[in-house]
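Working notes, structure below.
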Amino acid sequence: MPFDLLRRPLIRASRNLPGGHPSRPVSPWPPHLRGPLPGARCPGPRPTRSRSPGNGTSRATGDVLVVLVSSSLSDRDQSLFLSTDEGATFQKQLIPFSVETLIFHPKEEDKVLAYSKESTLYVSSDLGKKWTLLRERVTKDHVFWAVSGVDTDPDLVHMETQDLGGGFRYVTCQIHNCSDKTLTALFPGRIDHSSLTVQDDYIFFKATATNRTKYYVSYRRNEFVLMKLPKYALPQDLQIISTDESQVFVAVQEWHQTDTYNLYQSDTRGVHYSLVLEDVRSSRRAEDSVLIDILEVRGVKGVFLANQKTNGKVVTLITYNKGRDWDRLRPPSTDMNGKPTNCDGTTSHHLHLRWADNPYDVGTWRPCPCSGPGNLGSQLVEYKEEMYITSDCGHTWRQVFEEEHHVLYLDHGGVIAAIKDTSIPLKILKFSVDEGLTWSTHNFTSTSVFVDGLLSEPGDETLVMTVFGHISFRSDWELVKVDFRPSFSRQCGEEDYGSWHLSDLKGDRCIMGQQRSFRKRKPTSWCVKGKSFTSALEARVCRCRESDFLCDYGFERSPSSGSDANKCFANFWFNPLSPPDDCVLGQTYTSSLGYRKVVSNVCEGGVDPRQSPAPLQCPLTPPRGLRVSIRGDAVAVRPGEDVLFVVRQEQGDVLTTKYQVDLGDGFKAVYVNLTSTEEPIRHRYESPGVYRVSVRAENVAGHDEAVLFVQVNSPLQALHLEVLPVVGLNQEVNLTAVLLPLNPNLTVFYWWIGHSLQPLLSLENSVTTRFADTGDVRVTVQAACGNSVLQDSKVVRVLDQFQVVPLRFSTDLDVHNPNTPEWREDVGLVVTRLLSKETSVPEELLVTVVKPGLPTVADLNVLLPPPGPARKRNLTSDKVSPEAAGPRFSLHRQGFGGLVPRVWWRKAGSGCQRLGRCGGCRRLAGTGFLWG
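Just so we're aligned, residue 1 is where the sequence shown starts under full-length UniProt numbering, counting upward by one.
Spelled out as structure tokens, the structure:
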């Protein structure tokens, strides 16, 4: 959020529930500083609460340490405000730069990263007392602290940075030693902007080259490998949904989808992906962020909710086994007033699976209870936002409100607070201590406020919440602390709890390979669950069944509903008997029968459809998918520039393969282990030209070949468009682009004529055209050679009447003619100016065009004067004697090496005559200019 929101006072009032003592004013988790929202419907990494603040901007530990960043009208600098007494007092620390985001260390509370508005990253090891510059040109929201248990160094920082060439790279460094020399690039190439994600055991990014986007993953900091989706998924976009329990869920927008995504889940390494649900609804919000209607229920593994959109209708589905099976939500039998809903077989329950439009609202889905807005019917209706709650992980639902509310769970769900989501001011909140069965009201403020949202202290056990809003749209913020702690006199004991058993909608209690029961506070017990509360009560392992397995990579479940309904069949593009890509001669592999166990499913014994034949020996395979490219994905380079050729091989044995390399300029060599080491071949081309680079990979099983054409050219220096400034209607006109240096067969010319947006393309530097209408027409040409592009533009005057007088110069001028467009233009302007002076013809009616080449000749274009008063003249008898005409003009030392060249005009049917010595010449009508 913009930091100017912080110009408003942070604290206004504080109230507590009836029966409690007044509490001190507290600064809550301000909305502009909070971490990402919890929940699973997110376009990228799974959001986390700021109590584990890997990417938060506020933090509380131990004695509730509060960190704020402020920028007010009275303070020129931003500041950190720290409190260790719940906001009663603050310590202010100035920040010497403009902070946009704070990123706290997940384990060590004194260490924090600060991202500035100048894309610079700073680090502090003493909670902001001293700051050190870490890196410049860092991508916002793509900076990550080390992950505990995965990264060996807790002070390591993962980040996406921009290099000097404008590309983006994934690098890491240690906060106490982060220089160019110590910077580590774990991936050799460039990555796409804003694509780096470090989450749990995994690192993700995407890289686009030659119009192909590839998605990479690293599991527990091993090497990066391609994420393998079904061959013809052809993703337009890919979003990380969850990385819990050593498995990745991704949403993929495939080539044919516009407002839906398909949901895939991976193996443990995050490499191979299988489809679990098609057509999940999505929507786009500000800044091109994507919201996908998928929600993971925290605390009970394997449970997800999703909104599926088919044929324009949206329905809500739930799975209890990580997407292996999906069912519609069951509608409640009665509404909030106890009246029957009378739902038939076509009616089900649907949820919006989103938080309120206000992004500050905080909530979390937990097994008991959780709630959300929705409706009953055959599909989800956007304008219906009745509030429903479940206390048994989605098995049954109850309506609690007729309108959408901001909802906050406190004390592990033991207290539920709710405020209506409305545009009118409020001063009443509702709360329940029996999982929404009954509700009480409380005046949280004496003055009604427009409520923006609810916030809680970090930790599921907290009983402190904050209501924040404003009295009017121009007023300061109103933040009201509501403390439920004084309302509870004791801690819960075992006698205050009952139990409930998790089951799916069919009543099956074996979920993810085990039967589980959970502790649940009795509705009549008025006590605090506290920090030590755990909901899990008992678990018993089940025997494995078919429902504990899903289709493996390359397989899909049969669409039939008969005996083959649960069977997996290989896709047409997948051969299950083929050895894996990393199968090395001398090793063994097993072919998949189409099934794999759901990750984190703990069932034992029973059915195991994965059983496969005896291990197979990895055969010697021929090289396949051989590619040669230039690092950086360029195909045009400059003479003398270092070129790094990279050779990659997708399939086939590499240890016994030899690689014959021909770089096209006489360099030839034979390599071994070329693709396994990925060491580039460094080379320089000294002369411009097109070079054919070929690599042939060969072993006893077969061969493959890759070819790359490299353009070596100097950058374009100058481009000049030559075109007649005056042309006749429908006259064939030549357009010529004069280019320096000349790059034959390497330059593409783009021609725009008039207002057309579609250019003409040519490999030659000239084209011919005709103009069908009179008037001024702009002609533009672009010359593109490699990465070098130049442009020039001229205006052509198209007339239906004008005269052309051929001219030529004395031969003395040829010696000093460099034959360049600029020289010809300058000489033409001089001739026009002197002709106008000598003949009293306005310059705008004379256009001299000096032609390329030798001898030096020109055409004088004489335009008709604009319409005006005419005088009666006898053109045939209007003559000028040689004596009256006299010498018309000469070029006196006009920069031509001190020479005085003479200008001649040519008379039809006669030899050349010197202009100014033309007895019998005729005067051009209405001008006084002599022509023959």
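All residues carry an ideal CB built from backbone N, CA and C; glycine is no exception. This one's a predicted model, so the numbers in the text were calculated from it and none came from an experiment.
Which listed residue (the options) has its alpha carbon closest to that of residue i
i: TRP752; options: ASN730, VAL777, GLU732 and GLY513; result: VAL777
i: THR656; options: PHE809, GLY640 and HIS703; result: HIS703
i: PRO725; options: LEU740, VAL712, VAL804 and GLU679; result: VAL804
i: VAL248; options: GLU254, TRP255 and ILE240; result: ILE240
i: PHE574; options: LYS231, THR310, ASP155 and HIS272; result: LYS231
i: VAL138; options: GLU160, ALA146 and GLY128; result: GLU160
i: SER694; options: SER532, TRP326, HIS272 and VAL628; result: VAL628
i: SER194; options: VAL847, LYS481, ARG169 and ALA185; result: ARG169
i: HIS720; options: PRO821, CYS583, PHE144 and SER472; result: PRO821
i: PRO188; options: ARG221, ILE203 and VAL171; result: VAL171
i: residue 942; options: VAL815, PHE488 and VAL849; result: The chain is shown from 1 up to 932; residue 942 falls before or after that span and cannot be answered.
i: GLY853; options: GLU844, VAL847, PRO865 and HIS816; result: HIS816
i: GLN379; options: TYR320, GLY312 and LEU275; result: GLY312
i: ARG543; options: THR462, ALA614, GLY605 and VAL451; result: GLY605
i: ILE471; options: ASP460, ASP452 and PHE555; result: ASP452
i: LEU593; options: ASN787, ASP126, ARG557 and ASN673; result: ARG557
i: PRO523; options: SER499, GLY469 and ASP504; result: SER499
i: GLY586; options: LEU102, PRO615 and LEU644; result: PRO615
i: ASP633; options: ASP665, SER283 and ALA207; result: ALA207
Paired residues, beta bridge with residue i - DSSP
i: ASN375; result: HIS350
i: LEU763; result: In the DSSP output, where bridge partners are listed per residue, LEU763 has none listed.
i: GLY689; result: VAL712
i: ASP642; result: ARG684
i: THR441; result: LYS430
i: residue 933; result: With the chain running from 1 to 932 in the structure shown, residue 933 is simply not present.
i: LEU94; result: SER79
i: LEU860; result: VAL805 and THR848
Status (buried if at least 16 other CB within 10 Å, exposed otherwise) for residue i
i: TYR409; result: buried
i: ASP153; result: exposed
i: PRO53; result: Below a pLDDT of 50, predicted positions are generally treated as unreliable, and PRO53, at 29, falls in that range; the measurement from the model is reported next regardless. Under this definition PRO53 is a buried residue.
i: THR390; result: buried
i: residue 938; result: Given that the chain is displayed from residue 1 to residue 932, the structure contains no residue 938 and the question cannot be resolved.
i: ASP564; result: exposed
i: ASN307; result: buried
i: GLN253; result: buried
i: PRO331; result: buried
i: LYS322; result: buried
i: ASN262; result: buried
i: ARG770; result: exposed
i: ASP800; result: exposed
i: SER316; result: The amino acid at residue 316 is misidentified as Ser; the sequence shows Thr. Buried, because 16 or more other Cβ atoms sit within 10 Å of the Cβ of THR316.
i: ASN222; result: exposed
i: SER371; result: buried
i: LEU305; result: buried
i: TYR383; result: exposed
i: HIS412; result: buried
i: ASN673; result: exposed
N- and C-terminal bounds of the alpha helix (DSSP H) containing residue i
i: LYS301; result: No alpha helix (DSSP H) contains LYS301, which DSSP labels as neither H nor E.
i: ASP826; result: 821 to 839
i: LEU674; result: 674 to 677
Terminal residues of the beta strand (DSSP E) in which residue i lies
i: CYS568; result: 568 to 570
i: LYS529; result: LYS529 -> no beta strand (DSSP E), and no H or E assigned at all.
i: SER283; result: 273 to 284
i: PHE431; result: 428 to 432
i: GLU478; result: 477 to 483
i: PRO806; result: 802 to 809
i: HIS470; result: 464 to 470
i: ALA565; result: Unbroken run through ALA565: none, as it is neither H nor E.
i: ALA417; result: 415 to 420
i: ARG557; result: 555 to 557
i: ASN311; result: Neither: ASN311 is in no beta strand (DSSP E) and is coded neither H nor E.
i: PHE518; result: 514 to 521
i: ARG624; result: 624 to 630
query = Okay, do the region 725 to 736 and the region 695 to 710 touch, 3+ Cβ pairs below 8 Å being the bar?
reply = No, because fewer than three Cβ pairs between the region 725 to 736 and the region 695 to 710 fall closer than 8 Å, the two stretches do not touch.
message = Using 8 Å as the cut-off, can you tell me whether the region 399 to 418 makes contact with the region 427 to 447, which would need three or more C-beta pairs spanning the two stretches below that distance?
response = yes
message = Using 8 Å as the cut-off, can you tell me whether the region 596 to 603 makes contact with the region 502 to 515, which would need three or more C-beta pairs spanning the two stretches below that distance?
response = yes
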